[in-house]
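Written below as structure tokens is the structure these notes are about.
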Amino acid sequence: MCRNIRCLHNFDPPTTDDEVREAALQFVRKVSGSTHPSRANTPAFEQAIDEIAEATRRMLDQLVTNAPPKSREAEALKGRARHEKRMEREVRIRTASA
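In the working numbering, the protein residues as written are 1092 to 1189.
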């Protein structure tokens, strides 16, 4: 899965429509293999983003959980820690094979 697509479920404050659209955009970019579609493909690209955002919003609105809402700040810290750990692993691998 694309690392730029973030979990959107169970946040306080709730996920915004802009966040949903950004996730849909990342998904369409990943699937299409293009960050900027040609003029000929722009309508299809935009339609896909709109449809995926709509389906995502519908799904998020229907999901239920007993877990307490997550904090965006805490999730960002966890993400940074995972990134640093991944980078440390890569450095160890590169220096071990040198």
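Every residue, glycine too, gets a C-beta built ideally from N, C-alpha and C.
With 16 other Cβ atoms within 10 Å as the buried cut-off, status of residue i
i	result
residue 1114	buried
residue 1182	exposed
residue 1184	exposed
residue 1092	Here residue 1092 scores only 44 on pLDDT, less than 50, and its place in the model should not be relied on; the value that follows carries that caveat. Counting Cβ neighbours within 10 Å, residue 1092 comes out exposed, since fewer than 16 surround it.
For residue i, the three-state DSSP class (helix, strand or coil)
i	result
residue 1092	Because residue 1092 sits at a pLDDT of 44, beneath the cut-off of 50, its placement in the model cannot be relied upon, and the point is left open.
residue 1107	coil
residue 1134	helix
residue 1181	helix
residue 1154	coil
residue 1188	coil
residue 1147	helix
residue 1174	helix
residue 1120	helix
residue 1097	coil
Bridge partners - residue i, DSSP secondary structure assignment
i	result
residue 1102	1161
Integer-rounded CB distance, given that residue j should sit under 8 Å from residue i
i	j	result
residue 1119	residue 1096	About 11 Å separates the two Cβ atoms, so there is no contact after all.
residue 1100	residue 1154	6 Å
residue 1176	residue 1102	23 Å between Cβ atoms; not a contact.
residue 1111	residue 1156	About 17 Å; that fails the 8 Å criterion.
residue 1151	residue 1106	6 Å
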